[in-house]
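Under my numbering, the first residue of the sequence shown is numbered 39, with each subsequent residue one higher. A virtual CB, placed ideally from N, CA and C, is assigned to each residue, including glycine. Written out below as structure tokens is the structure these notes cover.
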Amino acid sequence: MKRRRTAALAVAITTTAALTALTGCGALDKAVDCVKTADAIATSVDKLQQAVGNATDDPTQIDQALDDINTELGKLKDTTDNADLSKAVDDLTKGVDSVRTAVKNGDATPDLKPVTDAAGEIGKVCTPG
């Protein structure tokens, strides 16, 4: 998971560096949205990983982490007007929902792949070029 967080942060750094190469207001808005999104996703995936790792000590942490992620994703959805980013945020929300369902069904170590796959999609959307 640390590798995924690093990848998301790398997207944010790359996007920031690319700001100088971008032209037009739409491209600048997308780059700013990408930086915000990559940072929030890296934080969200990290929180979820920690919660799953601590589930045996405090199973309520997973629910709290999922609630926090949903709040962050809702804010992201409200602040971006880029269709590709909106879809990636929607996919990440679905991944979080699948983890929540698994936890409700008693899975103490849910599959985080849908979440990490959606985070990877953000990286693709945010890669300049």
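Distances from the CA of N143 to each of K151, D101 and I79 were compared; the closest alpha carbon is that of D101.
Taking C-beta atoms under 8 Å as the contact rule, I107 and L86 qualify, at a distance of about 6 Å. Taking 4 residues as the minimum length, the alpha helix (DSSP H) runs contained wholly in the stretch 57-137 are 63-91 and 98-117, in order along the chain.
Here the alpha carbon of Q99 sits roughly 23 Å from the alpha carbon of A76. In the displayed model, A156 falls within a helix according to three-state DSSP. Residue environment for A121: exposed (fewer than 16 other C-beta atoms within 10 angstroms of its C-beta).
If you draw a 10 Å sphere on the C-beta of T154, you find 16 or more other C-beta atoms in it, and that means buried.
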